[in-house]
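Residue numbers (this note's numbering), protein chains in the order written: chain A, 1 to 323; chain B, 1 to 303; chain C, 1 to 416.
A short worksheet on the structure shown next.
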Amino acid sequence: MKKLYILLLIGLLVLLLLPKFVSSYVLGVFVLIFFYAYLGQSWNILTGYTGMISLGHSLYVGIGAYTTYLLTLALGLSPWIGMWVGGLAAGLIGLVIGFFGFRFGVKGVYFVLLTIAFAEIGRLIFLHLKIFGSFQGLFITPNFSFVNFQFKENVPYYYIALGYVIFSLIVVRLIERSKIGRYMVALREDEDAAESLGVDVFKYKMIAIFISAAMTSLAGTFYMNYLYYLHPGTMMSIAFSIEIILRPIIGGMGTVLGPVIGSFLITPLAELSRSYFAKAGYEGLHLIIYGFLLVAVVLFFPKGVIVYIKKGLGPGFIFRVRH
Amino acid sequence: MNLNLTLQLALSGFLLGGVYSLIALGLSLIFGVMKVINFAHGEMMVWGMYVAYTILVWTGIDPFFSFLVSAAILFLLGYLLQRIVVNRILDFPEAMQVLPLVGMAMVFENSARIIWGPDYISPQSRFSLSSISMGSLTVDTPRLLAFSLAIVITLIVLLFLKKTDTGKAIRAAADNRTGALLVGTNVDKVYAVCFGIGTACVGAAGGLLVPIMPLSPHIGAPFTMISFIIVILGGMGSLAGAMVGGFIIGVAESVGPELITILFHGIGLDLDFPNTMKQVVSFFILIVILLWRPQGLFGGRKG
Amino acid sequence: MKKVNRRTFLRYSAAVGATAAISGVPTLLRAQAPEIKIASIQPVTGVIADIGIAMRRGNQFAVDDINARGGIKSMGGAKLKLLLADTEAKEEVARSEAERVIKEGAICLVGPFLSGNAMAIATLCEQRSVPFVMDVAAADDITRKGFKYTFRVFPVSTNFANNMLLYMGQIMKEKNVSKFRAVVTNTGDLFGRVQAATFIRFFKEKKFPVEVLAHIEYPLGIQDLSAEVSKIKALKPDILIPITRPGDAKLMIRELYKQRVELQAIIGSGPGLYEPEFIRDMKVLAEYVMDNVPWYNPQGKMYKEVNEKFSKLFPGKYIDTNSGYAYLGVAVIVDALERAKSTKAEDLVAALRKSYFKQDLMIGGAVTFDERGDNVNADSAMIQILDGGPKVVLPAKASNAKYVFPMPKQLWERGM
Numbered sequence: 001m002k003k004l005y006i007l008l009l010i011g012l013l014v015l016l017l018l019p020k021f022v023s024s025y026v027l028g029v030f031v032l033i034f035f036y037a038y039l040g041q042s043w044n045i046l047t048g049y050t051g052m053i054s055l056g057h058s059l060y061v062g063i064g065a066y067t068t069y070l071l072t073l074a075l076g077l078s079p080w081i082g083m084w085v086g087g088l089a090a091g092l093i094g095l096v097i098g099f100f101g102f103r104f105g106v107k108g109v110y111f112v113l114l115t116i117a118f119a120e121i122g123r124l125i126f127l128h129l130k131i132f133g134s135f136q137g138l139f140i141t142p143n144f145s146f147v148n149f150q151f152k153e154n155v156p157y158y159y160i161a162l163g164y165v166i167f168s169l170i171v172v173r174l175i176e177r178s179k180i181g182r183y184m185v186a187l188r189e190d191e192d193a194a195e196s197l198g199v200d201v202f203k204y205k206m207i208a209i210f211i212s213a214a215m216t217s218l219a220g221t222f223y224m225n226y227l228y229y230l231h232p233g234t235m236m237s238i239a240f241s242i243e244i245i246l247r248p249i250i251g252g253m254g255t256v257l258g259p260v261i262g263s264f265l266i267t268p269l270a271e272l273s274r275s276y277f278a279k280a281g282y283e284g285l286h287l288i289i290y291g292f293l294l295v296a297v298v299l300f301f302p303k304g305v306i307v308y309i310k311k312g313l314g315p316g317f318i319f320r321v322r323h
Numbered sequence: 001m002n003l004n005l006t007l008q009l010a011l012s013g014f015l016l017g018g019v020y021s022l023i024a025l026g027l028s029l030i031f032g033v034m035k036v037i038n039f040a041h042g043e044m045m046v047w048g049m050y051v052a053y054t055i056l057v058w059t060g061i062d063p064f065f066s067f068l069v070s071a072a073i074l075f076l077l078g079y080l081l082q083r084i085v086v087n088r089i090l091d092f093p094e095a096m097q098v099l100p101l102v103g104m105a106m107v108f109e110n111s112a113r114i115i116w117g118p119d120y121i122s123p124q125s126r127f128s129l130s131s132i133s134m135g136s137l138t139v140d141t142p143r144l145l146a147f148s149l150a151i152v153i154t155l156i157v158l159l160f161l162k163k164t165d166t167g168k169a170i171r172a173a174a175d176n177r178t179g180a181l182l183v184g185t186n187v188d189k190v191y192a193v194c195f196g197i198g199t200a201c202v203g204a205a206g207g208l209l210v211p212i213m214p215l216s217p218h219i220g221a222p223f224t225m226i227s228f229i230i231v232i233l234g235g236m237g238s239l240a241g242a243m244v245g246g247f248i249i250g251v252a253e254s255v256g257p258e259l260i261t262i263l264f265h266g267i268g269l270d271l272d273f274p275n276t277m278k279q280v281v282s283f284f285i286l287i288v289i290l291l292w293r294p295q296g297l298f299g300g301r302k303g
Numbered sequence: 001m002k003k004v005n006r007r008t009f010l011r012y013s014a015a016v017g018a019t020a021a022i023s024g025v026p027t028l029l030r031a032q033a034p035e036i037k038i039a040s041i042q043p044v045t046g047v048i049a050d051i052g053i054a055m056r057r058g059n060q061f062a063v064d065d066i067n068a069r070g071g072i073k074s075m076g077g078a079k080l081k082l083l084l085a086d087t088e089a090k091e092e093v094a095r096s097e098a099e100r101v102i103k104e105g106a107i108c109l110v111g112p113f114l115s116g117n118a119m120a121i122a123t124l125c126e127q128r129s130v131p132f133v134m135d136v137a138a139a140d141d142i143t144r145k146g147f148k149y150t151f152r153v154f155p156v157s158t159n160f161a162n163n164m165l166l167y168m169g170q171i172m173k174e175k176n177v178s179k180f181r182a183v184v185t186n187t188g189d190l191f192g193r194v195q196a197a198t199f200i201r202f203f204k205e206k207k208f209p210v211e212v213l214a215h216i217e218y219p220l221g222i223q224d225l226s227a228e229v230s231k232i233k234a235l236k237p238d239i240l241i242p243i244t245r246p247g248d249a250k251l252m253i254r255e256l257y258k259q260r261v262e263l264q265a266i267i268g269s270g271p272g273l274y275e276p277e278f279i280r281d282m283k284v285l286a287e288y289v290m291d292n293v294p295w296y297n298p299q300g301k302m303y304k305e306v307n308e309k310f311s312k313l314f315p316g317k318y319i320d321t322n323s324g325y326a327y328l329g330v331a332v333i334v335d336a337l338e339r340a341k342s343t344k345a346e347d348l349v350a351a352l353r354k355s356y357f358k359q360d361l362m363i364g365g366a367v368t369f370d371e372r373g374d375n376v377n378a379d380s381a382m383i384q385i386l387d388g389g390p391k392v393v394l395p396a397k398a399s400n401a402k403y404v405f406p407m408p409k410q411l412w413e414r415g416m
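Right under this line is the structure:
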């Protein structure tokens, strides 16, 4: 276990010093890696503890972004504060969805479809709200300052994104260590056994989805102030939800480092394949390769890539998802 | 309320529902037997469309005949897909099943793009402009034909499943995989044939749609979604359910926004339910079914 | 069916570019003057790929054409090199790609077709202080953010609306029509919504004699317009004002035919109603459709030269709104480079600001930017599909045909 910690520490040090040595473009790629790692981690909290898979997490990103925007617009509130309100809002929506899903015993593939349905309805509603720009989308006026969460250079975004990832790792660790966490782990290991022992399964599942939704929405604030354009068609789409779940699944679902590893693998891959094949003039070829790669990775690493890495490093930080 | 308009909408929706049913039919088989979300369903339908289109351009044969070729080619593709990819992921957790098919969807979509180009194509075929007047209502001929052929195909598939050995084997494997294995069924082959039939259905549907809607490599995704809603509504594995579900969704999407607007006005809410939100109607239906009757209208046991 | 020439052309030029990029070492065969890199950033994959590819083609053609004419003469005949970027119609990808080409040395960006993508790129270019010329992106908001590095050659939505009223007014006057009962439809995307809303607003504010019976909107990518057309038929309008995309434009016409909707005219505004693919698939049904779009100037000398070369290189394609503005975007950058005589950002931006690029490639005057970066002289024209091809019918002085109103034959009377 010690070996793992040392390796992680070295990795962290490298990442902290990276901006000194690489270009803005490479930093941008890292921003995306961290961003998706964070999203994957947040999504993972739901799956890791309840075994339920959500394909509607992009909804929470949207709620986070739009809430932050609304508060900035109406009260001049800094996104650093607004994002927590967004988190609360998203968490509440997560509770609603969780309530329907868990109370009615919706499981497996049906739960996936339930989350898609809610997310799509959410997307369509937001698409029609004039205050959020409706079909035009929202063009965010850049006003570079720390308070506004907006920066000219990529370096601050890099550190903030890295901060997000570290924050998510801390949250997961805290959950594991807390009393609530102990019940949630029991839930994960064997739901029926836990229930027979008197654990309020429903309550802990709701906690899981609340945390997952709330954390996901914090990324929405980042998204808004990095891309400066919000549109439900991209930000609250199934395609984005798929991108969110891709990395944790490939990295290792239900594991703590899975989403991070997955993101480090997939995100640069997407970047490279796009920029390489764009030159060859075969538009779309990179997406075909990306598609085949997805198939290949799942077929050859069904438990996620992390299983192969863990062998050398021993247990400890890694836990497995229940079946 | 303009009665004539509502009737016309309902009719268009009903005919369209026939088309949806055909698409959902294939999915119902796959979903029902293998419990796999075929995320590439819509994109495979698009391939069926392009096959029929190519035949039209090369030989002038109308898609209302060449859809059979689409079905054959898509059967092959589906069979291969199942043997090479899907078979390996049958026991995986849902999340891991989703990804390879999403990957295949990307492959289908973008290879169609490279082969046939990204432009929207709306080829002229014999019936594409034809319509029949019934008083003040208009019946769209291509849709009527697609609707009729869909019913014929459904009946053929039903007969196949009931009467032939392979068909019975598929139903057996669907009900009890271990049991089927014990009895010596080549479950792998049975599954592959089943998947192939499912994709053949969707390929045929694609062919029939060529005279009705413009083709483009990217139109697949909404069809995947709609076919899922229909299959759940009708009941997983129930072919009759897929048919009925198709009609319900077709009409609901057509007439829904209009009716909801009337409802809003009726209760004093000055709000119009916009047409661009018509999908909300189907998703809402999906949620209701998932919560209160997940086995669908015609489904046997729960879940 | 296969566009061999285009692909061969793109593959050839891409192969040359790729070799140069990979080798990284200046070959002995290269000219002495250094290459000036600009980047074309378009949505060449994704939902709007067909137009994205057309735009990239236009950008690339312009670069090759200008290089063939001797490059940037004031800088020793320096040749342009076009870096290619694909936004995949997504904002995060647009931003990432813009970042990448800037890293690879692009001193100016041109593109993209979608306004959302344009916004992401404009913001990035502002952050990196790199000039950015939007060839076709209509959303007004982008130039209202106080960006100093963004320019737009394409008209803005109010410009479209002004011209629409101007041309419709002229037709109504000349044909003695006192009032039009109209239905406005639009695709539910940025462009469609803004256009429809602006028209309806202008009709009202300027007390224009057009009664809008209904405003019908449908989602982008819709596959079935039977419900919408049923509604149109029930209202019995004189004219239809559709703002479409290529997919639904074809659906609309077919559905109008099938449901036998009688109209005096179809006067649209925007894409979908004039593309070669539209005419190819609709055949005689496309005839008499009018469209209010920025267009090339058929009487223009520059247009004639450029179009001849373009249509030779890409059989079956010709210079239209998209490829024309794609060309113009590059031409404006080149003109600025000629005057700036330097590739430094501040010099280029200053030169762009002072642009007075005389051109008769597109309808409208010389390209001149206001403080916001919008081209004040950008205009749209009224075109009409006549004899199987789009002709400019208004403004009269740029026209190459006289408009036909009302439609002499309804869709189903044309023998199809």
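C-beta atoms are modelled at their ideal positions from N, C-alpha and C, and glycine is treated no differently.
In the DSSP assignment, MET302/C falls within the unbroken alpha helix (DSSP H) covering 301 to 313. Taking a beta-carbon distance threshold of 8 Å, GLU91/C counts as an interface residue toward chain A. Excluding sequence positions up to five before and after PHE151/A, its CB lies within less than 7 Å of the CB of PHE144 and TYR157, all in the same chain and listed in chain order.
Interface with chain B (8 Å Cβ-Cβ cutoff): ILE266/A is excluded. Looking only at ILE288/A, TYR308/A and TYR164/A, the smallest Cα-Cα distance to ILE250/A is reached by TYR308/A. Taking C-beta separations shorter than 8 Å and ignoring five residues to either side along the sequence, the partners of VAL165/A in its chain run PHE34, ALA37, TYR38, GLN41 and VAL260, following chain order.
In the structure shown, GLN384/C falls within a strand segment according to DSSP collapsed to helix, strand and coil. Your pair VAL255/B and GLY13/B checks out as a contact, with CB atoms roughly 6 Å apart and the cut at 8 Å.
Taking a Cβ-Cβ cut-off of 7 Å, the neighbours of VAL194/C in chain A comprise GLN136, given in sequence order. The shortest CA-to-CA distance from ARG353/C to any of ASP360/C, VAL332/C and SER269/C is the one to VAL332/C. Within its own chain, the residues whose Cβ lies closer than 6 Å to the Cβ of LEU114/A, once the five positions on either side in sequence are excluded, are GLY101 and VAL106, listed in chain order. Bounds of the beta strand (DSSP E) holding LYS81/C are 80 to 86. Looking only at THR166/B, LEU155/B, LEU11/B and THR6/B, the smallest Cα-Cα distance to ARG143/B is reached by LEU11/B.
Using a Cβ-Cβ cut-off of 8 Å, VAL109/A counts as an interface residue toward chain B, since at least one Cβ of chain B sits closer than that to its own. Take the alpha-carbon of LYS309/C and the one of LEU337/C: they are about 24 Å apart.
Sorting THR138/B, CYS201/B and LEU271/B by C-alpha distance to the C-alpha of LEU68/B places CYS201/B at the top. The residue from ALA68/C, MET290/C and THR87/C with its alpha-carbon nearest to that of ALA49/C is THR87/C. Using a Cβ-Cβ cut-off of 8 Å, PRO222/B does not count as an interface residue toward chain A, since no Cβ of chain A sits closer than that to its own. When DSSP reads this structure, PHE369/C sits in a beta bridge with ASN375/C. For MET45/B and ALA150/B, the gap between their C-alpha atoms comes out near 14 Å. As the crow flies, the alpha-carbon of GLN410/C is around 27 Å from that of ALA146/B.
With fewer than 16 other beta carbons inside 10 angstroms of its own, MET416/C counts as exposed. Around the Cβ of LEU159/B, a 10 Å sphere holds fewer than 16 other Cβ atoms; the residue is exposed. Listed along chain B, the residues sitting closer than 7 Å to TYR290/A by beta-carbon distance are MET106. Legend: CB atoms of the stretch 252 to 282 of chain B lying less than 7 Å from CB atoms of chain C belong to residues SER254, PRO274, ASN275 and THR276. Contact between the stretch 122 to 131 of chain C and the stretch 199 to 211 of chain C is absent: fewer than three C-beta pairs spanning the two stretches fall below 8 Å. Looking at the DSSP output, ILE38/C shares a beta bridge with LEU82/C.
Put simply, the backbone Cα of GLN279/B is about 16 Å away from that of LEU9/B. Taken atom to atom, the span from the alpha-carbon of MET75/C to that of VAL29/A is near 35 Å. Taking 8 Å as the threshold, the shortest C-beta distance from ASP62/B to chain C does not fall below it.
Under the Cβ criterion (8 Å, minimum of three pairs), the stretch 211 to 229 of chain B counts as touching the stretch 40 to 58 of chain B.
Counting along the chain, MET134/B sits inside the beta strand (DSSP E) bounded by residues 131 to 134. For the C-beta of PRO123/B, the chain C residues within less than 8 Å are, from N- to C-terminus, ASP281.
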